[in-house]
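First up is the structure itself, then whatever we jot down about it.
Chains as they are written, first to last, in the working numbering: chain A, 528 to 807; chain B, 48 to 379.
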């Protein structure tokens with residue numbers, strides 16, 4: 528009957544028509560992302576963790592090497608100079624996962640999500656824009672941080688003559704692998720946050736998946752397929768991609784990245800289904 | 048313009064909204080009235096597609112809201128003052144909303160000034176009072192110059208100045224040709240602003256009519272009669288099939304008889320009357336009677352002999368029913 532609304536004598540108010548666009552949604556999410564103090568602080572914390580821990584551990588390693596006794600042991604064991612300076616990235620996964628969760632679950636806890644979806648009722652556009660802003664922000668900041676950590680760490684290790692350089696085989700790929708891991712974990716946080724809608728619950732879930740489950744999987748006997756499960760597990764899949772040398776106990780660089788990307792895609796997809804289908 | 052057709056929403060076993068149909072027309076303020084918990088907010092969320100109806104549908108200007116390309120220009124909604132991220136400033140909140148549809152920054156400043164939040168726009172919304180939160184919600188509702196405005200309990204938390212302001216704002220918005228849909232649990236508030244009423248109780252449509260016809264619906268409640276000849280009055284009322292009840296001061300509340308019949312009967316028998324007043328219920332009482340009726344109907348429809356029939360009347364509603372005779376005296 529509404530098509531004849533005008534015929535029935537109801538005039539339509541003729542104001543300006545502001546159409547929603549994906550570019551507009553991205554700008555909106557960009558403003559939202561950087562206008563909440565907790566997110567800004569957390570993003571800065573991830574940079575501090577990557578650079579600070581990386582340089583600190585490289586400094587510790589250099590100190591150990593400088594001592595003839597401990598240094599000899601370490602050299603004999605063989606160590607990875609690049610990995611030493613990237614230790615902070617592991618810690619930062621915890622932080623960026625929380626950012627991913629906060630940007631969506633925070634909307635549910637505050638009720639903002641109703642405003643967001645009333646402005647863009649398709650819902651998935653908001654979600655996609657959130658994912659894009661999150662991925663780009665984490666990628667850019669963590670790329671800078673990983674590079675700084677590497678350069679700072681290697682400068683310290685160079686004093687002992689063991690520093691790696693960007694030109695070395697696999698170094699740039701390992702740095703990129705760490706950035707990919709951080710972006711993926713942040714997006715996984717977004718997916719789980721959209722699914723669970725609860726900040727604490729979603730952060731705990733993602734952290735358990737990254738830090739607790741891999742330890743538990745160590746206990747699964749091989750006869751139950753323990754090794755395969757361990758290799759294919761979410762955070763374990765990028766072990767080779769984030770290191771200079773392929774890790775023999777884990778998936779190779781390319782298959783590992785593919786498996787990791789599949790995990791992230793599935794989590795984001797589940798989050799999308801939940802957002803699209805459930806009442807808010 | 049909003050058209051709801053057979054809207055129904057079920058949460059688990061609870062039916063929040065029952066086959067609700069109504070139309071919100073442009074150019075007038077339509078009041079959406081019902082006690083707390085009667086399904087008003089659920090209905091409004093269904094209009095915006097935030098909650099999916101279990102059955103039925105609701106259209107905004109002829110289309111489901113979710114299919115609008117310019118949603119902020121179709122419906123501007125104040126859902127509840129909490130639909131804002133507490134960690135973000137009012138200005139950033141509005142800028143983020145505006146950005147979705149390319150609404151210029153100038154418009155953001157306009158609505159901030161319009162609702163009088165200029166001085167606090169840079170502060171975090173989490174620190175806002177209820178009234179400031181309402182103003183921010185109204186600012187965001189007006190951002191997209193919408194054809195339909197939907198306010199859920201807008202006067203909540205506003206001071207008297209603010210209430211006056213929002214009443215005038217709603218009238219002005221309607222006068223500009225917009226459809227204005229505003230919910231309230233206060234009949235008195237609606238009587239001052241709305242031209243049309245959609246009344247619901249327990250999720251069911253009770254009335255969909257103009258405020259004028261709602262006012263006309265208000266029935267006389269009884270007749271207050273005061274006389275020194277109590278025995279004669281009692282006798283003549285009983286003889287005419289009426290009932291009476293002392294209400295103090297030598298006055299009686301007479302039911303089932305009009306003032307005319309009482310006066311004529313008293314004159315015929317030579318009974319002196321010192322007072323003869325028809326008592327009309329206030330709008331608020333008429334509203335409560337309507338909604339309480341829906342509740343009673345509910346209780347009976349569960350089956351007269353069913354064990355759950357009597358307890359299914361919520362205590363709050365029972366209290367309202369009990370309170371009615373008292374209110375009536377006050378309203379005299």
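Virtual Cβ for every residue (Gly too), placed ideally from N, Cα, C.
Nearest CB-CB separation between residue 545/A and chain B: below the 9 angstroms threshold. For residue 87/B, the uninterrupted alpha helix (DSSP H) segment begins and ends at 87-94. Rounded to the nearest whole angstrom, the CA to CA distance from residue 177/B to residue 157/B is 21 angstroms. Beta-bridge pairing by DSSP links residue 267/B to 327/B.
According to the DSSP assignment, residue 256/B belongs to the beta strand (DSSP E) that extends over 251-257.
Scanning chain A for C-beta atoms nearer than 7 angstroms to the C-beta of residue 139/B yields 558, 562, reported in chain order. Taking residue 89/B as reference, the option from 63/B, 118/B, 277/B, 305/B with the minimal CA-CA separation is 63/B. By DSSP's assignment, residue 197/B forms a beta bridge with 124/B, 228/B. Taking the C-beta atoms as reference points, residue 701/A is found no nearer than 9 angstroms to residue 690/A. Using a Cβ-Cβ cut-off of 7 angstroms, residue 644/A is close to 97 of chain B, given in chain order. With respect to chain A, the C-beta atom of residue 90/B has no partner C-beta closer than 9 angstroms. According to DSSP, residue 629/A shares a beta bridge with no other residue. Contacts with chain A (Cβ-Cβ distance below 8 angstroms) from the segment 210-228 of chain B involve 223, 224, 225, 226, listed in chain order. For residue 192/B, the residues of chain A that pass the 8 angstroms Cβ criterion are 542, 543, 545, in the order they occur in the chain.
According to DSSP, residue 55/B shares a beta bridge with 102/B. Residue contact with chain B for residue 565/A: present (Cβ-Cβ distance below 9 angstroms to some residue of chain B). Residue 552/A is classed as buried because its beta carbon has at least 16 other beta carbons within 10 Å across all chains shown. Distances from the alpha-carbon of residue 225/B to those of 121/B, 274/B, 194/B, 56/B put 194/B closest. Going by DSSP, residue 718/A is part of the alpha helix (DSSP H) stretching over 698-723.
By the Cβ-count criterion, residue 58/B is exposed, with fewer than 16 other Cβ atoms from all chains shown falling within 10 Å of its own Cβ. The residue among 767/A, 655/A, 572/A with its C-alpha nearest the C-alpha of residue 800/A is 655/A.
Listed along chain B are 95, 96, 97, 111, 112, 113, 114, 115, 118, each with a C-beta nearer than 9 angstroms to that of residue 648/A.
Counting along the chain, residue 219/B sits inside the alpha helix (DSSP H) bounded by residues 207-222. For residue 293/B, the enclosing beta strand (DSSP E) stretches over residues 290-293.
9 angstroms or more divides the Cβ of residue 204/B from the Cβ of residue 339/B.
Along the segment 138-172 of chain B, going in chain order, the ones with a CB nearer than 7 angstroms to a CB of chain A are 139, 142, 143, 144, 146, 147, 148, 149, 150. A residue is called buried once 16 or more other Cβ atoms fall within 10 Å of its Cβ, and residue 228/B is buried on that count.
Comparing alpha-carbon positions, the option among 264/B, 280/B, 272/B, 116/B lying closest to residue 299/B turns out to be 272/B. For residue 724/A, the nearest beta carbon of chain B is not closer than 9 angstroms to its own beta carbon. When DSSP states are grouped into helix, strand and coil, residue 66/B belongs to the strand group. One finds 637, 638, 639, 642 in chain A with Cβ atoms closer than 9 angstroms to the Cβ of residue 131/B, taken in chain order.
Of the candidates 674/A, 589/A, 710/A, 740/A, the residue whose Cα lies closest to the Cα of residue 694/A is 674/A. Non-local C-beta neighbours of residue 138/B in its own chain, meaning closer than 8 angstroms and more than five positions away in sequence, comprise 155, 159, 168, 169, ordered along the chain. Distance from the CA atom of residue 73/B to the CA atom of residue 199/B, rounded to whole angstroms, is 18 angstroms. Your pair residue 624/A and residue 706/A does not check out as a contact, with CB atoms roughly 15 angstroms apart and the cut at 8 angstroms. Non-local beta-carbon contacts of residue 56/B in its own chain, meaning distances under 7 angstroms to residues more than five positions away in sequence, involve 63, 64, 89, 93, 98, 100, 101 in chain order.
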